[in-house]
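Undergrad: Numbering (this note's numbering), first residue to last: 2 to 205.
All C-beta atoms in this analysis are idealised placements derived from N, C-alpha and C, irrespective of residue type, glycine included.
Quick caveat: nothing in here was measured; it's all calculated off a predicted structure.
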(Lines of atoms letter the chains of each structure in order from A and count residues from 1; the text may use other names and numbers.)
(Lines give C-alpha, C1' and ligand atoms only; values in the text may rest on other atoms or scores of the structure.)
Protein backbone atom coordinates (compact mmCIF):
# COMPACT_ATOMS: atom_id res chain seq x y z
CA UNK A 1 0.00 0.00 0.00
CA UNK A 2 2.77 2.44 0.98
CA UNK A 3 4.67 1.65 -2.24
CA UNK A 4 1.53 2.22 -4.33
CA UNK A 5 0.92 5.63 -2.73
CA UNK A 6 4.55 6.64 -3.29
CA UNK A 7 4.38 5.72 -6.98
CA UNK A 8 1.06 7.57 -7.34
CA UNK A 9 2.52 10.67 -5.67
CA UNK A 10 5.58 10.67 -7.92
CA UNK A 11 3.44 10.20 -11.03
CA UNK A 12 1.19 13.14 -10.14
CA UNK A 13 4.22 15.28 -9.31
CA UNK A 14 5.83 14.57 -12.66
CA UNK A 15 2.61 15.29 -14.56
CA UNK A 16 2.24 18.64 -12.84
CA UNK A 17 5.91 19.64 -13.13
CA UNK A 18 6.69 19.53 -9.42
CA UNK A 19 4.92 22.84 -8.90
CA UNK A 20 3.49 22.18 -5.45
CA UNK A 21 4.87 24.21 -2.53
CA UNK A 22 5.90 23.35 1.00
CA UNK A 23 6.39 26.14 3.54
CA UNK A 24 6.85 28.64 0.72
CA UNK A 25 9.58 26.62 -1.01
CA UNK A 26 8.83 25.48 -4.54
CA UNK A 27 9.57 21.81 -5.01
CA UNK A 28 11.37 22.51 -8.29
CA UNK A 29 14.03 24.55 -6.43
CA UNK A 30 17.46 23.05 -5.90
CA UNK A 31 17.93 22.34 -2.19
CA UNK A 32 21.19 22.88 -0.27
CA UNK A 33 21.87 22.06 3.38
CA UNK A 34 23.97 24.58 5.30
CA UNK A 35 25.38 22.74 8.30
CA UNK A 36 24.93 19.13 9.28
CA UNK A 37 25.07 16.86 12.28
CA UNK A 38 28.02 15.25 14.00
CA UNK A 39 31.33 15.81 12.23
CA UNK A 40 29.57 17.48 9.27
CA UNK A 41 28.26 20.39 11.36
CA UNK A 42 30.27 22.90 9.29
CA UNK A 43 29.55 21.43 5.86
CA UNK A 44 27.54 22.65 2.89
CA UNK A 45 25.88 19.90 0.90
CA UNK A 46 26.09 19.99 -2.04
CA UNK A 47 28.93 22.50 -1.97
CA UNK A 48 28.79 23.16 -5.72
CA UNK A 49 25.55 23.31 -7.66
CA UNK A 50 24.73 24.09 -11.29
CA UNK A 51 21.44 25.57 -12.45
CA UNK A 52 20.02 27.57 -15.38
CA UNK A 53 19.35 31.31 -15.41
CA UNK A 54 15.95 32.01 -13.89
CA UNK A 55 16.08 28.98 -11.59
CA UNK A 56 16.25 29.11 -7.80
CA UNK A 57 18.22 27.56 -4.97
CA UNK A 58 16.83 27.16 -1.45
CA UNK A 59 19.16 26.77 1.53
CA UNK A 60 18.12 25.41 4.91
CA UNK A 61 19.80 24.62 8.22
CA UNK A 62 19.14 20.91 9.03
CA UNK A 63 21.04 20.73 12.32
CA UNK A 64 19.57 19.14 15.45
CA UNK A 65 21.24 21.67 17.76
CA UNK A 66 20.81 25.43 17.90
CA UNK A 67 23.77 26.46 15.71
CA UNK A 68 23.34 29.35 13.22
CA UNK A 69 24.66 29.55 9.67
CA UNK A 70 24.25 32.10 6.89
CA UNK A 71 24.21 32.12 3.12
CA UNK A 72 26.03 35.32 2.21
CA UNK A 73 27.09 36.60 -1.21
CA UNK A 74 29.84 39.22 -0.92
CA UNK A 75 30.65 40.69 -4.33
CA UNK A 76 32.75 43.48 -2.80
CA UNK A 77 35.25 42.21 -0.19
CA UNK A 78 34.99 45.50 1.72
CA UNK A 79 31.43 44.55 2.62
CA UNK A 80 32.25 41.60 4.87
CA UNK A 81 30.10 42.35 7.97
CA UNK A 82 31.94 42.10 11.31
CA UNK A 83 29.72 40.80 14.13
CA UNK A 84 30.31 43.93 16.24
CA UNK A 85 31.67 47.42 15.72
CA UNK A 86 32.67 50.48 17.77
CA UNK A 87 30.11 53.29 17.55
CA UNK A 88 31.12 56.81 18.62
CA UNK A 89 29.20 58.25 21.55
CA UNK A 90 29.23 61.53 23.41
CA UNK A 91 31.25 61.61 26.61
CA UNK A 92 28.03 62.71 28.29
CA UNK A 93 26.05 59.69 27.11
CA UNK A 94 24.74 57.57 29.96
CA UNK A 95 24.36 53.91 29.05
CA UNK A 96 21.81 51.93 31.04
CA UNK A 97 20.95 48.28 30.57
CA UNK A 98 17.29 47.41 30.05
CA UNK A 99 17.86 44.08 31.80
CA UNK A 100 17.58 43.78 35.60
CA UNK A 101 20.76 41.68 35.82
CA UNK A 102 23.16 43.48 38.20
CA UNK A 103 26.27 42.12 36.46
CA UNK A 104 26.12 43.99 33.15
CA UNK A 105 28.47 46.68 31.89
CA UNK A 106 28.65 48.05 28.33
CA UNK A 107 31.96 47.62 26.54
CA UNK A 108 33.25 51.17 26.12
CA UNK A 109 36.61 51.89 24.48
CA UNK A 110 38.65 55.05 24.00
CA UNK A 111 41.16 55.49 21.18
CA UNK A 112 44.47 57.38 21.30
CA UNK A 113 42.70 60.62 20.32
CA UNK A 114 40.31 60.36 23.24
CA UNK A 115 37.30 59.39 21.12
CA UNK A 116 34.87 57.30 23.12
CA UNK A 117 32.94 54.46 21.53
CA UNK A 118 30.67 51.66 22.63
CA UNK A 119 30.88 48.21 21.04
CA UNK A 120 27.54 47.21 19.51
CA UNK A 121 26.30 44.29 17.41
CA UNK A 122 26.28 44.83 13.65
CA UNK A 123 22.73 44.18 12.37
CA UNK A 124 24.02 43.35 8.88
CA UNK A 125 25.92 40.37 10.29
CA UNK A 126 22.73 38.89 11.72
CA UNK A 127 19.77 40.07 9.61
CA UNK A 128 18.61 39.31 6.04
CA UNK A 129 20.02 42.18 3.99
CA UNK A 130 20.74 43.23 0.40
CA UNK A 131 22.96 46.15 -0.64
CA UNK A 132 22.79 47.32 -4.25
CA UNK A 133 25.65 48.04 -6.66
CA UNK A 134 25.99 51.67 -5.48
CA UNK A 135 26.33 50.69 -1.83
CA UNK A 136 23.81 53.39 -0.97
CA UNK A 137 20.57 51.43 -1.05
CA UNK A 138 20.10 48.87 1.72
CA UNK A 139 17.09 46.54 1.74
CA UNK A 140 16.06 44.65 4.86
CA UNK A 141 14.77 41.37 3.50
CA UNK A 142 11.87 39.35 4.87
CA UNK A 143 12.82 36.38 7.03
CA UNK A 144 12.63 33.06 5.17
CA UNK A 145 12.32 35.21 2.09
CA UNK A 146 12.97 34.92 -1.62
CA UNK A 147 15.43 37.19 -3.38
CA UNK A 148 16.12 37.72 -7.10
CA UNK A 149 19.86 38.23 -7.55
CA UNK A 150 21.26 39.90 -10.66
CA UNK A 151 24.92 39.73 -9.60
CA UNK A 152 25.49 43.49 -9.45
CA UNK A 153 24.81 43.72 -5.72
CA UNK A 154 27.64 44.33 -3.29
CA UNK A 155 26.13 42.17 -0.55
CA UNK A 156 23.22 39.75 -0.10
CA UNK A 157 22.69 37.66 3.05
CA UNK A 158 20.11 35.29 4.49
CA UNK A 159 20.78 36.45 8.02
CA UNK A 160 21.39 33.90 10.76
CA UNK A 161 19.53 30.72 9.80
CA UNK A 162 18.60 28.39 12.65
CA UNK A 163 17.32 24.84 12.54
CA UNK A 164 13.54 24.97 12.38
CA UNK A 165 12.08 25.51 15.83
CA UNK A 166 15.49 26.09 17.46
CA UNK A 167 15.95 29.86 17.07
CA UNK A 168 16.69 31.39 20.50
CA UNK A 169 13.85 33.36 22.06
CA UNK A 170 13.64 36.90 20.73
CA UNK A 171 15.62 36.23 17.54
CA UNK A 172 14.06 36.01 14.07
CA UNK A 173 13.11 32.37 13.33
CA UNK A 174 15.00 32.22 10.03
CA UNK A 175 15.39 28.65 8.76
CA UNK A 176 15.55 28.94 4.96
CA UNK A 177 16.54 31.34 2.19
CA UNK A 178 15.72 31.20 -1.51
CA UNK A 179 17.60 32.99 -4.27
CA UNK A 180 16.55 33.18 -7.92
CA UNK A 181 19.56 33.72 -10.18
CA UNK A 182 18.63 36.00 -13.04
CA UNK A 183 21.87 35.93 -15.03
CA UNK A 184 24.53 33.36 -15.97
CA UNK A 185 27.71 33.46 -13.94
CA UNK A 186 29.62 31.94 -11.04
CA UNK A 187 28.33 32.99 -7.64
CA UNK A 188 30.42 32.25 -4.57
CA UNK A 189 28.98 32.46 -1.08
CA UNK A 190 30.00 31.75 2.51
CA UNK A 191 28.73 31.60 6.07
CA UNK A 192 29.73 34.78 7.92
CA UNK A 193 29.55 32.93 11.25
CA UNK A 194 31.97 30.24 10.00
CA UNK A 195 33.76 31.82 6.98
CA UNK A 196 35.55 28.58 6.04
CA UNK A 197 32.14 27.24 5.03
CA UNK A 198 31.67 28.19 1.39
CA UNK A 199 29.85 27.12 -1.72
CA UNK A 200 29.41 27.97 -5.38
CA UNK A 201 26.35 28.31 -7.59
CA UNK A 202 27.13 28.09 -11.32
CA UNK A 203 24.38 29.53 -13.49
CA UNK A 204 24.39 28.53 -17.15
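Please look up how many angstroms separate the CB atoms of residue 159 and residue 175, rounded, as I've assumed it's under 8 Å.
TA: By 1-based counting over the chain shown, the position of residue 159 is 158. By 1-based counting over the chain shown, the position of residue 175 is 174. The Cβ separation is near 7 Å, so the contact holds.
Undergrad: Compute the Euclidean distance between the alpha carbons of residue 139 and residue 97, then round it to the nearest angstrom.
TA: Your numbering for residue 139 matches position 138 in the chain shown. Your numbering for residue 97 matches position 96 in the chain shown. Each residue's alpha carbon lies about 30 Å from the other.
Undergrad: Taking DSSP as the reference, what is the three-state secondary structure of residue 26?
TA: Position 25 of the chain shown, counting from 1, holds the residue named residue 26. A caution first: residue 26 carries a pLDDT of 47, below 50, which makes its placement in the model too unreliable to give a value.
Undergrad: Do you know how far the Cα of residue 35 is from the Cα of residue 199?
TA: For the purposes of this step, residue 199 is identified with residue 198 of the chain shown, where counting begins at 1. For the purposes of this step, residue 35 is identified with residue 34 of the chain shown, where counting begins at 1. For residue 199 and residue 35, the distance between alpha carbons rounds to 9 Å.
Undergrad: Nearest to residue 131 by CA position, among 76, 68 and 49, is which residue?
TA: By 1-based counting over the chain shown, the position of residue 131 is 130. Closest by alpha carbon: 76.
Undergrad: Judging by CA-CA distance, which residue of 135, 166, 184 and 157 is the nearest neighbour of residue 56?
TA: As a position in the chain shown, residue 56 is number 55, starting the count at 1. It is 184.
Undergrad: Can you list, in chain order, the residues of its chain with a C-beta nearer than 6 Å to that of residue 197? Leave out the 5 residues immediately preceding and following it.
TA: As a working mapping, residue 197 is identified with position 196 in the chain shown. Answer for residue 197: no residue qualifies.
Undergrad: In the DSSP assignment, the alpha helix (DSSP H) including residue 153 goes from what residue to what residue?
TA: In the chain shown, residue 153 corresponds to position 152, counting from 1. Premise fails: residue 153 is in no alpha helix (DSSP H) and is neither H nor E.
Undergrad: Which one of 177, 112 and 169 has the shortest CA to CA distance from residue 67?
TA: Your numbering for residue 67 matches position 66 in the chain shown. Per the Cα distances, 169.
Undergrad: Cβ of residue 114 within 7 Å of any heavy atom in the ligand MG?
TA: No copy of the ligand MG occurs in the structure displayed, which carries no ligand at all.
Undergrad: Does DSSP put residue 195 in a helix, in a strand, or in coil?
TA: Residue mapping note: residue 195 aligns to position 194 of the chain shown, counting from 1. If DSSP states are grouped into helix, strand and coil, residue 195 belongs with coil.
Undergrad: Between which residues of its own chain and residue 121 is the CB-CB distance below 6 Å, once the five residues before and five after are set aside?
TA: Reading the chain shown from its first residue, position 120 is the one you call residue 121. 88.
Undergrad: Considering only the alpha carbon of each residue, which of 178, 106 and 31 lies closest to residue 52?
TA: Translated into the one-based positions of the chain shown, residue 52 becomes position 51. If we check each option's Cα against that of residue 52, 31 comes out closest.
Undergrad: Alpha carbon to alpha carbon, how far is residue 82 from residue 26? Give it in angstroms, no decimals.
TA: Numbered from its first residue, the chain shown carries residue 26 at position 25. Numbered from its first residue, the chain shown carries residue 82 at position 81. At residue 26, the pLDDT of 47 sits below 50, so the modelled position is not reliable and the matter cannot be decided from this model.
Undergrad: So for residue 97, helix, strand or coil by DSSP?
TA: Working through the chain shown from its first residue, we reach residue 97 at position 96. If DSSP states are grouped into helix, strand and coil, residue 97 belongs with coil.
Undergrad: Give me whichever residues DSSP pairs with residue 182 in a beta bridge.
TA: Residue 182 sits at position 181 when you count from the first residue of the chain shown. Per DSSP, 150.
Undergrad: Would residue 110 be called buried (16 or more neighbouring beta carbons within 10 Å of its own) or exposed?
TA: The count along the chain shown starts at 1 and reaches residue 110 at position 109. That one is exposed.
Undergrad: Using CA atoms only, rank isn't needed, just tell me which of 135, 71 and 60 is closest to residue 153.
TA: Position 152 of the chain shown holds residue 153. Of the listed residues, the one whose Cα sits closest to residue 153 is 135.
Undergrad: Can you list, in chain order, the residues of its chain whose CB lies under 6 Å from that of residue 195, leaving out five sequence neighbours each side?
TA: On the chain shown, residue 195 is found 194 positions in, with the first residue counted as 1. So the qualifying residues of the chain are 43.
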